[in-house]
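*Asks:* Note that the working numbering has the first sequence beginning at 12, numbered continuously upward. All C-beta atoms in this analysis are idealised placements derived from N, C-alpha and C, irrespective of residue type, glycine included.
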Amino acid sequence: MNDTFDGTTSSNFIRAIIDADLESAKHTQVITRFPPEPNGHLHIGHAKSICLNFGIAQDYVNATCHLRFDDTNPGKEKSEYINAIKEDIRWLGFEWGDNLHHTSDYFDQLYAYAIQLIKKGKAYVDSLSADDIRLYRGNLTEPGKNSPFRGRSVEENLELLDKMKSGEFAEGEHLLRAKIDMAAANINLRDPAIYRIKHISHPMTGDKWHIYPMYDFAHCVSDAIEGITHSLCTLEFENHRPLYDWFLNELKTSAHPQQIEFSRLNLDYTVMSKRKLHELVEGGYVSGWDDPRLPTLSGMRRRGYTANAIRDFCSRIGVTKKENMIEMSVLENSLREDLDANAPRALAVLDPIKLLITNYPEDKEEILQGVNHPKKPEAATRDIPFSKELYIERSDYMDDAPKKFFRLTVGREVRLRFAYYVTCTHVVKNDTGDVIEVHCSYDPETRGGKSEDGRKVKGTIHWVSAKHAVSAQIRQYDRLFSVPVPAAEKAKDYKDLINKDSLQVLENCQLESSLLDANTSAYQFERQGYFCQDSVDSTQDALVFNRIVTLRDSWAKKSK
RNA sequence: UGGGGCGUGGCCAAGUGGUUAAGGCACGGGGUUUUGAUCUCCGCAUCCCAGGUUCGAAUCCUGGCGCCCCAGCCA
Numbered sequence: 012m013n014d015t016f017d018g019t020t021s022s023n024f025i026r027a028i029i030d031a032d033l034e035s036a037k038h039t040q041v042i043t044r045f046p047p048e049p050n051g052h053l054h055i056g057h058a059k060s061i062c063l064n065f066g067i068a069q070d071y072v073n074a075t076c077h078l079r080f081d082d083t084n085p086g087k088e089k090s091e092y093i094n095a096i097k098e099d100i101r102w103l104g105f106e107w108g109d110n111l112h113h114t115s116d117y118f119d120q121l122y123a124y125a126i127q128l129i130k131k132g133k134a135y136v137d138s139l140s141a142d143d144i145r146l147y148r149g150n151l152t153e154p155g156k157n158s159p160f161r162g163r164s165v166e167e168n169l170e171l172l173d174k175m176k177s178g179e180f181a182e183g184e185h186l187l188r189a190k191i192d193m194a195a196a197n198i199n200l201r202d203p204a205i206y207r208i209k210h211i212s213h214p215m216t217g218d219k220w221h222i223y224p225m226y227d228f229a230h231c232v233s234d235a236i237e238g239i240t241h242s243l244c245t246l247e248f249e250n251h252r253p254l255y256d257w258f259l260n261e262l263k264t265s266a267h268p269q270q271i272e273f274s275r276l277n278l279d280y281t282v283m284s285k286r287k288l289h290e291l292v293e294g295g296y297v298s299g300w301d302d303p304r305l306p307t308l309s310g311m312r313r314r315g316y317t318a319n320a321i322r323d324f325c326s327r328i329g330v331t332k333k334e335n336m337i338e339m340s341v342l343e344n345s346l347r348e349d350l351d352a353n354a355p356r357a358l359a360v361l362d363p364i365k366l367l368i369t370n371y372p373e374d375k376e377e378i379l380q381g382v383n384h385p386k387k388p389e390a391a392t393r394d395i396p397f398s399k400e401l402y403i404e405r406s407d408y409m410d411d412a413p414k415k416f417f418r419l420t421v422g423r424e425v426r427l428r429f430a431y432y433v434t435c436t437h438v439v440k441n442d443t444g445d446v447i448e449v450h451c452s453y454d455p456e457t458r459g460g461k462s463e464d465g466r467k468v469k470g471t472i473h474w475v476s477a478k479h480a481v482s483a484q485i486r487q488y489d490r491l492f493s494v495p496v497p498a499a500e501k502a503k504d505y506k507d508l509i510n511k512d513s514l515q516v517l518e519n520c521q522l523e524s525s526l527l528d529a530n531t532s533a534y535q536f537e538r539q540g541y542f543c544q545d546s547v548d549s550t551q552d553a554l555v556f557n558r559i560v561t562l563r564d565s566w567a568k569k570s571k
């Protein structure tokens with residue numbers, strides 16, 4: 012199963028373990044699971060896990076991946092997140108079929124297992140306060156000590172748990188704990204909590220329960236119930252694995268999934284923690300969960316990222332146990348690769364300046380042909396109107412330009428893409444010395460942008476006919492933070508490190524009219540970058556395009 | 001200074017005692033080009049450190065060093 016695609020390897024140490032388990036016949040089928048807690052939106056870090064888990068289900072014979080909402084904490088979770096999460100996973104290109112589950116589906120079984128633990132003398136109801144429990148737990152270097160309630164009889168524990176369940180106690184009054192070892196070096200083993208009292212109704216189970224199971228107890232048992240073979244999670248759960256195994260061993264479940272940990276994704280110039288993402292959204296630092304600057308899947312989707320690109324990115328970064336910080340350029344590379352291969356081309360002037368072709372007839376109009384995709388002849392061509400007055404990019408003209416500037420300056424000839432060669436004759440400036448009009452003469456013999464005489468014209472610039480152009484607003488997005496690792500700047504609040512130019516709005520950009528019929532997918536605006544119509548704010552009367560990512564620009568790099 | 005992990009080029013990442021130490025991103029340079037895009041070619045590490053075992057070590061042993069995680073009735 013050492014499969015590759017797109018020329019990059021997608022194998023990793025986890026797949027190697029699975030291969031070995033299949034080889035040794037420990038398992039004959041593979042079942043993984045993706046277990047989001049419905050308390051926020053999915054981000055690119057989740058995509059790594061989704062691609063790992065669902066990717067395995069996709070690549071191995073007879074394998075499946077369950078989608079399980081880990082809804083054990085009704086105080087923090089909202090059912091509205093559930094649909095958003097499902098939509099994101101589907102958008103990424105994965106499906107769970109009949110395997111949609113909720114941890115809450117197993118509340119009855121979980122409760123029965125808890126009773127079993129009590130009967131085995133492996134769990135007890137503690138009545139210490141939260142503060143006392145913390146005190147009794149000890150710390151990293153000192154062992155904890157037993158709770159005075161640790162020795163309660165099985166009968167008393169059973170009775171107390173039953174009353175906890177039916178809501179006879181206040182929150183915090185009692186707690187069901189596993190009886191393991193208060194002196195364990197691994198703090199997770201110092202009698203961890205199993206059930207806590209919460210008088211909150213649950214989106215799935217309503218008011219049935221007044222107690223809800225803790226992650227450590229619920230997760231391993233849910234995995235076992237579903238027959239998960241490989242339970243993949245991130246590194247911070249490594250210390251919980253002994254507990255995962257302890258529960259399953261004590262309960263003698265029919266299956267004992269193997270928990271395997273891998274490192275979570277970190278991307279530079281952004282933040283990934285749920286807390287920070289919530290803060291940015293709720294504090295109004297961004298426009299919402301789908302703000303195109305956010306690393307959320309909904310934000311990236313709105314920005315114009317493709318699922319393809321994200322999947323490719325995930326396969327490129329690999330899966331290991333090493334802490335990592337992936338550079339944004341890796342993501343952008345995956346993006347550009349997909350967009351270059353698939354996005355139709357168009358001409359659009361973002362910062363327009365008038366270009367007048369002085370020797371072109373006043374009322375003449377021509378229809379020229381532009382190729383829709385240089386690498387896909389089958390994508391054919393489109394009509395592009397041409398006339399005397401055009402708009403070109405302000406940055407494509409320069410006074411006293413250096414030799415290497417392959418664009419316009421007085422006396423220099425350039426090619427107007429798909430159109431004609433034009434030579435700049437002079438420019439008109441306003442009082443403050445800004446160029447407001449560029450005058451050129453054109454060579455009628457160069458229609459289509461080529462000449463018979465083989466004359467070399469190094470530069471090609473994009474343009475749009477003034478009278479035919481449609482104007483639009485363009486939102487240029489850049490990295491959300493001004494530093495690579497916002498969290499590392501301990502002296503500053505990460506919110507003060509937000510890149511002030513992460514969103515730049517350009518009004519009155521001039522687009523080729525065919526963009527009026529633009530669909531929602533990506534276009535390449537030649538020489539600029541990739542753009543897509545904003546799914547929320549763009550209308551026929553007021554077009555709004557988002558810049559997904561710029562084109563690589565070796566000229567900008569050189570001229571720095 | 002308890003326990004658990006991790007350390008291969010700027011960032012990822014293959015490698016499991018014998019390879020010129022894969023590949024991608026980034027970076028530098030050449031070519032092609034009606035997008036200074038794409039494409040293409042070339043360049044770019046002795047493997048945290050120190051000892052040791054071995055004919056031979058990134059891979060094995062010993063000792064260091066560095067970084068990450070854990071003291072929620074969160075997940």
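R563 and R486 look like a contact to me (Cβ under 8 angstroms); what is the Cβ gap, rounded to whole Å?
*Replies:* Contact flag wrong, Cβ pair sits at about 21 angstroms.
*Asks:* To the nearest angstrom, report how far apart E404 and R418 are at their CA atoms.
*Replies:* Looking at the two C-alpha atoms, the distance is approximately 10 angstroms.
*Asks:* Alpha carbon to alpha carbon, how far is Y255 from E518? Give it in angstroms, no decimals.
*Replies:* C-alpha separation (whole angstroms): 56 angstroms.
*Asks:* In the DSSP assignment, find the unbroken beta strand (DSSP E) run with I403 in it and report its ends.
*Replies:* Note, I403: beta strand (DSSP E), 400-404.
*Asks:* Return the CA-CA distance between T369 and S21, expressed in angstroms with no decimal places.
*Replies:* Cα to Cα, T369 sits roughly 58 angstroms from S21.
*Asks:* Report the option in A354, D218, M283 whose CA atom is closest to the CA atom of A390.
*Replies:* The shortest C-alpha separation from A390 is found at A354.
*Asks:* For a quick check, are the C-beta atoms of S406 and Y432 less than 8 angstroms apart?
*Replies:* Cβ atoms of S406 and Y432: not closer than 8 angstroms.
*Asks:* Near Q544, which residues of its chain fall below 8 angstroms by C-beta distance, leaving aside the five closest residues on each side in sequence?
*Replies:* The residues are A529, N530, T531, L554, V555, F556, N557.
*Asks:* Where does S140 sit, in a helix, a strand or coil, going by DSSP?
*Replies:* Three-state DSSP puts S140 in coil, outside helix and strand.
*Asks:* Among the candidates F536, N277, V297, whose CA atom is the shortest distance from the CA of P495?
*Replies:* Ranking F536, N277, V297 by Cα distance to P495 puts N277 first.
*Asks:* Using only CA atoms, which one of Y226, N64, N50 lies nearest to G330?
*Replies:* Checking the displayed sequence, the identity of residue 330 turns out to be Val instead of Gly. Measuring from the Cα of V330, the nearest candidate turns out to be N64.
*Asks:* I need the straight-line Cα distance from F118 to L186, nearest angstrom please.
*Replies:* Taking the straight line from one Cα to the other gives about 17 angstroms.
*Asks:* Verify whether the separation of the beta carbon atoms of A125 and L171 is less than 8 angstroms.
*Replies:* Taking 8 angstroms as the Cβ cut-off, A125 and L171 do not qualify as a contacting pair.
*Asks:* Could you have a look at S476 and say whether DSSP puts it in helix, strand or coil?
*Replies:* S476 falls in the strand class under three-state DSSP.
*Asks:* Counting Cβ pairs closer than 8 angstroms, one from the region 23-43 and one from the region 287-300, do we hit at least three?
*Replies:* Result no; under three Cβ-Cβ pairs closer than 8 angstroms.
*Asks:* In the DSSP assignment, find the unbroken beta strand (DSSP E) run with E170 in it and report its ends.
*Replies:* Where E170 is concerned, there is no enclosing beta strand (DSSP E), although the alpha helix (DSSP H) it sits in stretches over 165-176.
*Asks:* Measuring CB atoms only, is the region 241-251 touching the region 208-223, in the sense that at least three cross pairs come out at less than 8 angstroms?
*Replies:* No: the two stretches stay apart, fewer than three of their Cβ pairs being nearer than 8 angstroms.
*Asks:* Is it the case that the Cβ atoms of R466 and Y280 are separated by a distance below 8 angstroms?
*Replies:* For R466 and Y280, no; Cβs fall outside 8 angstroms.
*Asks:* Tell me, please, which residues DSSP counts as bridged to Y534.
*Replies:* Beta-bridge pairing links Y534 to F542.
*Asks:* How many Å lie between T240 and Q69 at the Cα?
*Replies:* Using only the alpha carbons, I get a separation of about 15 angstroms.
*Asks:* Restricting to Cα atoms, I'd like to know which of S212, R79, V475 is closest to G86.
*Replies:* The candidate whose alpha carbon is nearest that of G86 is S212.
*Asks:* Based on the DSSP output, what are the partners of R393 in its beta bridges?
*Replies:* The partner list for R393 (beta bridge, DSSP) reads G381.
*Asks:* Who are the Cβ neighbours of E261 in its own chain at under 7 angstroms, not counting the five residues just before and after it?
*Replies:* Taken in chain order, the residues that qualify are L128, K131, K133.
*Asks:* Where in the region 465-528 do unbroken runs of the beta strand (DSSP E), each at least 3 residues long, occur, reported from the N-terminal end onward?
*Replies:* The region 465-528 contains these whole beta strand (DSSP E) runs: 474-476, 481-488, 514-522.
*Asks:* For the candidate residues Y488, D301, G459, H251, whose alpha-carbon lies nearest to that of N510?
*Replies:* The option with the nearest alpha carbon to N510 is Y488.
*Asks:* Quick one: give me the first and last residue of the beta strand (DSSP E) that P363 is part of.
*Replies:* First-last of the beta strand (DSSP E) with P363: 363-368.
*Asks:* Return yes when the Cβ of L146 is within less than 8 angstroms of the Cβ of W107, no when it is not.
*Replies:* No.
*Asks:* Using DSSP's beta-bridge definition, name the partner residues of E448.
*Replies:* Beta-bridge pairing links E448 to K365, V439.
*Asks:* Going by Cα to Cα distance, which pick from L103, T83, D445, K37 is closest to T317?
*Replies:* Minimum Cα distance to T317 is reached at L103.
*Asks:* Taking the C-alpha atoms as reference points, what is the distance between I29 and C76?
*Replies:* Straight-line Cα distance between these residues: approximately 14 angstroms.
*Asks:* What is the residue span of the beta strand (DSSP E) that Y226 lies within?
*Replies:* Note, Y226: premise wrong, no beta strand (DSSP E); alpha helix (DSSP H) at 226-237.
*Asks:* Any contact between the region 352-366 and the region 50-57? By contact I mean 3 or more CB pairs, one from each, below 8 angstroms.
*Replies:* Verdict: no, contact absent.
*Asks:* I'd like the list of long-range same chain contacts for K568, defined as Cβ closer than 8 angstroms, with 5 residues on each side in sequence excluded.
*Replies:* Cβ within range, chain order: n/a, list empty.
*Asks:* Can you name, in chain order, every residue of its own chain whose Cβ lies under 6 angstroms from the Cβ of Q484, other than the five neighbours on each side?
*Replies:* The answer, listed in chain order, is E518, V555.
*Asks:* Answer with buried or exposed for M336, where buried requires no fewer than 16 other C-beta atoms within 10 angstroms of its C-beta.
*Replies:* Its Cβ having fewer than 16 others within 10 Å, M336 is exposed.
*Asks:* Do V425 and T471 have their beta-carbon atoms positioned less than 8 angstroms apart in this structure?
*Replies:* Yes. Within cutoff.
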